[in-house]
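The structure appears below as C-alpha cells.
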Amino acid sequence: MYQLQLLLNIPELFTSLSKIDFYSSMFKNLDLSSIPEFPFSSPGRKGYSHHAMFRAFIVMKAERFGTISDLLDYLRNNLIIAHLCGFNILKPLPSYWTFRRFINEFSHDYLTSIFQNQVNILKNMGIISGEFISMDSTPIKANTKLNNPKSFSKNKFSKDNQPKSDKDCKLGVYSASNDSSNKRYKFYWGYKNHIIVDAISGLPIAETTTPADVPDFEVALSLLEKTNKWFNLKYVNFIADKGYDVKRVYNFVRDTLHGHCFIPLNKRNSKSPPLTDDGYMVCEAGIKMLKDGKQYFDGFIKQKFVCKFCNSKDDSACPIKHPKYFNGKKHRGCTKYAIISSDYRSSINRDSLYFKAVYRLRVESERYNSRFKALDFEKAYVRNINSVSNLNTFGHITLLTVAIVAIKLGKFDEFKSLVALMQSA
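Quick note, the sequence shown lines up with residues 1 to 425 if you use the UniProt record's numbering.
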C-alpha cells in the first residue's frame, strides 16, 4: 500500500497533470453500472475488471492509437493512467492477447447501452435535440494486404477474391474526390460505419457498423427504426445525400416518423420527359401537343398527348410531313406518353431556399466523420466485424464523453474538440 501511495503522490514523473485531470473527468462522466464488473466464469481466476478494460479502450481512442500495442506501451509508461482506469499497478497489466480477446468477445449490446446513455445525457442538457438529423457513412479499410496500393495481387478487387485474413470484410467503393464535376471512386475491402448526427450540435445520435457492400439506404431504414424506439424522432427533418434517395426511406420518414426529407435526387441516368413549363409535350415538329387523358398508377401518372392536328383533314397541316400524320386513321398524327411521378419523393421542391438552407446542415455529418476518423479509424487493425464494431463504438463514446465533460466544465467552445479539452483540462 505504501508503494502504491508513493506512486500516486508523484504523478508528474509519469504523465502531465492535465492528462490526469482529463481522464479523471472522462471516467467520472462514464456510468458503467450496466456492465458486469467481472466476467461470468467457472470457479478460478477472476480475471481483469471489465470496467478497467472499458476505460483503457477509451484511453486508446482519446490518444488516437490504432493498435493495442500502442495502448499497452502507453499504460506501462503512464501507470497513473492505468490506475485511473482501475488496474492494480502493483501487478502486471493485462497482456496484448487479453486486450485483443476483450475487444473481440465483449458484447456490443453493453457498448450500445453506454452510447445511448451518453446521448440521453446530452439531450437532457439541451445540447442534442434531434429536430434536424443528418446521416452518412464512412469507409473503414480492413487489415489486409489487398488494400495496400503497392500490392500486385491479381484481381485484388474481385468479389471472388475474399481476403484470407478477414472473412467478415466485403468489397466496397468510396468517393476519392470532392469535385462533383469529376468524381473519382476507389474500391476497398472493409466495412462502413453508418452514423446519424444531430445536425445542430454535430454530435452522434446513433451508429452501426456493416460490411462495405451493404447499401446505405438499407441501413438507414433499420437504424432509424431502432433509434426511434429509444430516441423520439417524431417530426424529424432527415438530411442525407443521393445515396439515400430511395422511396422506402421517404415513405418511412413521412409515414412512420411524420417528418420531412431533405435528399437530392439521384437521377440514375433517367431522362425527364421533354415538357414545356406549363406541362405539355412538344412533338418532333416543335409544336405543343394536346393532353388526351391520363391513367393513374401507384406512385405515378401516365399522361397521354396527341397531335394538335389529330382531327384535321388538311394534309399540309404537319410542317415536317411526319409519316404518322398520314396513318389513314380517324385521329391522325403522333401519340406520346409522359410518366409523371406523384409520390412524396417527387413532390419535394429541391430548388426552394428552405430546402437548400436545411440541406447545408449536412456538412455536420462530414465534420463529425472527420473528427471520428482522426481517432485513427482510416484502417482497422483488428480482423473481424465484432472487433471493428466495438472499436468504432468506443470512438463515438469517447467523443460524446468529451462533449459532456466540456459542457460541465463550462468550456462550450471545446465540446467538439478532444485535443483542446485534453490540453486545457
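Where is the CB? At the ideal position from N, CA and C, for every residue including glycine.
Check: Among I68, R64, M53, T98, which residue has its Cα nearest to the Cα of A82?
Finding: Nearest C-alpha to A82: M53.
Checklist line | Whole runs of the alpha helix (DSSP H) within the stretch 28 to 83, excluding any shorter than 4 residues | finding: Here the runs fully enclosed are 50 to 62, 68 to 77.
Next item on the list: With DSSP collapsed to three states, give me the class of H194.
Entry: Strand.
Note to self: On a Cα-Cα basis, can you pick out the residue from D315, P319, S346 that is closest to H331?
What the structure shows: It is D315.
Next item on the list: Take every Cβ of the stretch 340 to 354, pair it with every Cβ of the stretch 317 to 327, and state whether three or more of those distances are shorter than 8 Å.
Entry: Using a Cβ-Cβ distance cut-off of 8 Å, the stretch 340 to 354 and the stretch 317 to 327 are not in contact, since fewer than three pairs of beta carbons, one from each stretch, lie closer than that value.
Item checked: Same chain, Cβ closer than 6 Å to S165, five either side skipped, listed in chain order -> The answer, listed in chain order, is T144, R383.
Next item on the list: Measure the C-alpha to C-alpha separation of D343 and F300 and round it to an integer number of angstroms.
Entry: When rounded, the distance between both Cα atoms is 7 Å.
Check: Should the stretch 302 to 318 be called in touch with the stretch 332 to 341, which here means at least 3 C-beta pairs below 8 Å?
Finding: Segment contact: the stretch 302 to 318 against the stretch 332 to 341, three or more CB-CB distances shorter than 8 Å; contact assigned.
Check: Rounded to whole angstroms, how far is the Cβ of F87 from the Cβ of L93, which I believe are closer than 8 Å?
Finding: Contact flag correct, Cβ pair sits at about 6 Å.
Checklist line | Reduced DSSP category for K329 - H, G, I as helix; E, B as strand; rest coil | finding: It is coil, neither helix nor strand.
Margin query: If contact is defined by three or more beta carbon pairs under 8 Å, each pair taking one atom from either stretch, is the stretch 371 to 385 in contact with the stretch 394 to 410?
Written below: Because the criterion of three Cβ pairs below 8 Å is met, the stretch 394 to 410 and the stretch 371 to 385 touch.
Item checked: Inside the stretch 261 to 311 only - beta strand (DSSP E) runs reaching at least 3 residues -> Within the stretch 261 to 311, the complete beta strand (DSSP E) runs of at least 3 residues are 290 to 297, 300 to 306.
Note to self: What does the alpha-carbon distance come out to for the pair residue 429 and S34?
What the structure shows: Only positions 1 to 425 of the chain appear in the structure, and residue 429 is not among them; the question remains open.
Checklist line | Pairwise C-alpha distance: F99 and S69 | finding: So the two alpha carbons sit approximately 9 Å from each other.
Note to self: What does DSSP give as the partner residue(s) for I340 in the beta ladder?
What the structure shows: Beta-bridge pairing links I340 to I301.
Note to self: Just to confirm my understanding: we take K294, look at its own chain, exclude 5 residues before and 5 after, and list those with CB closer than 7 Å. What are they?
What the structure shows: These residues qualify, in order along the chain: I301, K302, Q303, K304.
Note to self: So for N251, helix, strand or coil by DSSP?
What the structure shows: N251: helix per DSSP, three-state reduction.
Notebook entry, point to check: For N125, which residues of its own chain have a beta-carbon under 8 Å away from its beta-carbon, when the five flanking residues on both sides are left out?
Noted result: Before going further, note that residue 125 is Met rather than Asn in the sequence given. Scanning its chain for C-beta atoms nearer than 8 Å, with the 5 sequence neighbours on each side dropped, one finds around M125 the residues I404, I407, in chain order.
Next item on the list: Would you mind working out which of L221, L233, Q162 sits nearest F252, comparing C-alpha positions?
Entry: Among L221, L233, Q162, the Cα nearest to that of F252 belongs to L221.
Checklist line | Separation of V402 from L6, as counted between CA atoms | finding: Unreliable positioning characterises L6 in this predicted model, as indicated by a pLDDT of 48, which lies under 50. The coordinate reading is nonetheless provided below. Note on geometry: alpha-carbon atoms of L6 and V402 lie some 30 Å from one another.
Margin query: Using CA atoms only, rank isn't needed, just tell me which of L421, N386, I200, M422 is closest to Y110.
Written below: Of L421, N386, I200, M422, the residue nearest in Cα terms is N386.
Next item on the list: Apply the 10 Å Cβ neighbour rule to S107 and answer buried if 16 or more other Cβ atoms are within range, or exposed otherwise.
Entry: Per the 10 Å Cβ criterion, exposed.
Next item on the list: Sort out for me which residues DSSP pairs P211 with in a bridge.
Entry: Beta-bridge analysis with DSSP links P211 to Y191.
Notebook entry, point to check: M422 lies in the alpha helix (DSSP H); which residues open and close that run?
Noted result: Annotation for M422: the continuous alpha helix (DSSP H) segment containing it runs 418 to 424.
Check: Quick one: what's got a C-beta closer than 7 Å to L275's C-beta in the same chain, skipping five residues either side?
Finding: The residues are M281, A338.
Next item on the list: Report all residues from its chain with a CB closer than 7 Å to the CB of L361; omit the five preceding and five following residues, and keep chain order.
Entry: F132, S134, A199, I239, listed in sequence order.
Notebook entry, point to check: If you run the structure through DSSP and keep just helix, strand and coil, what is residue 438?
Noted result: Not covered by the structure: residue 438. The range shown for the chain is 1 to 425.
Notebook entry, point to check: How would you label P319, buried or exposed, when you count the other beta carbons within 10 angstroms and need 16 or more for buried?
Noted result: Counting Cβ neighbours within 10 Å, P319 comes out exposed, since fewer than 16 surround it.
Note to self: Taking 8 Å as the threshold (C-beta atoms), are P215 and G172 in contact?
What the structure shows: No, the Cβ-Cβ distance between G172 and P215 is not below 8 Å.
Check: In or out: Y185 buried (at least 16 other Cβ within 10 Å) or exposed?
Finding: Label assigned to Y185: exposed.
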